[in-house]
């Protein structure tokens, strides 16, 4: 017996003899074997994703004992570790989408890329011609403005324009 400051006496209970209601009603859970590290190791060894690796539930003890990469490879050969096949993703059919006024679907990005590629190519060619002094600085500036204004469809189209300018100058 233990006396309290107020004079009341408490009885010390033996922990083993006293069982709480929670311990009686608590559902008995099976202990899960943590094999996350084994799964990571198997994924690295086999060059597949973690989600594709499946352990055979009847032989978890053997998988738990595996330490080295060679152990993992042996377990794969014994078919205790299984690799799920890749599920192919179907290409979705292009659905007809309603366009609202003023919106263009998925075209600006490709248009801009095409514009940038063509512009860089034309400007580079123009610089080469200027460095070889095949065109005058005035014509160089004129052609740069035309490139900026998207006047040329391709490099050959620009070459035709340059030859037309040169023929006008030679007259």
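In the working numbering, the protein residues as written are 2 to 172.
Yeah, the Cβ is synthetic: ideal placement off N, Cα and C, and Gly gets one too.
Quantities reported herein were computed from a predicted structural model and do not represent experimental measurements.
| Asked | Found |
| --- | --- |
| Taking the beta carbon of residue 123 as the centre, do at least 16 other beta carbons fall within 10 Å, making it buried, or is it exposed? | buried |
| Pop quiz: residue 67 and residue 113 are said to be a contact at Cβ under 8 Å. What is the actual Cβ separation, rounded to whole angstroms? | Not really, about 53 Å apart at Cβ, beyond 8 Å. |
| Once DSSP output is grouped into helix, strand and coil, what is the label at residue 170? | helix |
| What is the DSSP secondary structure of residue 46, reduced to helix, strand or coil? | helix |
| Per DSSP, residue 87 forms a beta bridge with which residues? | Per DSSP, none; premise fails for residue 87. |
| Measuring alpha carbon to alpha carbon, tell me which residue in 167, 47, 117 is nearest residue 150. | 117 |
| Short check: CB of residue 73 to CB of residue 42, under 8 Å? | yes |
| Can you say whether residue 83 is buried or exposed, counting buried as having 16 or more other CB atoms within 10 angstroms of its CB? | exposed |
| Thinking C-alpha only, which one of 65, 156, 71 is nearest residue 45? | 71 |
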